[in-house]
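In my numbering, the protein residues as written are 5 to 239.
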């Protein structure tokens, strides 16, 4: 993870992101990460679920997954923790594919996918026990508005747990940062401290924050091996 001194934003639109995931870029990410499309895969799902107390909550919990993509985590949580999940994504292609992959599963009745923006979440106030996110809030430019919406839809005593791509503690040449952001099509990334400030600026309480950089490095090694094994099939 890297950080440049000036917290620069990039001019990528929702359409830009949709085009990536509806095209070869989306196929590449699924090849590397599976249908969960986040670093750490199923192990990271369990890690976050345990942090949020899903093992004891089970079927009584109502979860909102912001930027749910192909719906992999939503299906995993429904199948393994018996929770009800709403997956929210702003890209129609992702919503349609997530529904297609969910419809014939034995836990489809526990999952709903909604097309909409995380900056104007299509849900009533105090609707969810948990708000969930994995490595995708970097696609949302207005982080302050995002956190305000998260607070709005959480029930009293509810929890938010998420992982994300962030700027790390070391400076890097701006050219390298530009290359990363343009390749990933991220309009903006936050810092660990920046997220803390956004959360504590609301009525929510920060319980825990963690730098997962070491896990990230391990995952990159495994992704490299996957690319080597599949190089003949990658145009």
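Ideal Cβ placement from N, Cα and C applies to all residues, glycine included.
The model shown is predicted, which means the values in this text are computed figures rather than measured ones.
| query | result |
| --- | --- |
| Integer-rounded CB distance, given that residue 114 should sit under 8 Å from residue 82 | 4 Å |
| Length at least 3, wholly inside the region 53-97: the beta strand (DSSP E) runs in chain order | 66-70, 88-93 |
| Residue 144 beta carbon less than 9 Å from that of residue 123 | yes |
| Touching by the beta-carbon criterion (3+ pairs, under 8 Å), the region 133-144 and the region 98-109 | no |
| Bridge partner(s) assigned by DSSP for residue 119 | 93 |
| Stretch pair the region 19-26 + the region 49-61: three plus CB contacts closer than 8 Å | no |
| For residue 203, the first and last residue of its enclosing alpha helix (DSSP H) | 196-204 |
| 9 Å Cβ cutoff met for residue 157 and residue 140 | no |
| Contacting residues, own chain, Cβ-Cβ under 6 Å from residue 10 (five flanking each side not counted) | Reliability of the predicted coordinates at residue 10 is poor, the pLDDT of 44 falling under 50, and no value is obtained from them. |
| Same chain only: Cβ atoms within 8 Å of residue 186, ignoring 5 sequence neighbours per side | 14 |
| N-terminal and C-terminal residue of the beta strand (DSSP E) that residue 167 is part of | 158-167 |
| Selection from 198, 97, 66 that minimises the alpha carbon distance to residue 173 | 198 |
| Cβ-based neighbour list, residue 153, same chain, cut-off 8 Å, excluding 5 preceding and 5 following | 122, 123, 124, 125 |
| Rounded separation between residue 59 and residue 195 - CA only | 30 Å |
| Secondary structure of residue 8, DSSP reduced to three states | Caution applies to residue 8, whose pLDDT of 42 falls short of 50 and renders its modelled position unreliable; the model cannot decide the point. |
| N-terminal and C-terminal residue of the alpha helix (DSSP H) that residue 187 is part of | 178-188 |
| Spatial neighbours of residue 6 in its chain, beta-carbon cut-off 8 Å, leaving aside the 5 residues before and after | Below a pLDDT of 50, predicted positions are generally treated as unreliable, and residue 6, at 40, falls in that range; the measurement from the model is reported next regardless. If we look at residue 6 and ignore the five residues flanking it on each side, its Cβ neighbours are 171, 172, 174, 175, 176, 180, 181, 184. |
| Under the three-state DSSP convention, the category residue 217 falls into | helix |
| Minimum C-alpha distance to residue 127 - residue among 149, 90, 188 | 90 |
| Assigned exposure category for residue 46 - 16 Cβ within 10 Å defines buried | exposed |
| Residue 192 (DSSP reduced to helix, strand or coil) | coil |
| Beta-bridge pairing of residue 132 - partner residues as DSSP gives them | 158 |
| Cβ pair residue 151, residue 193 closer than 9 Å | no |
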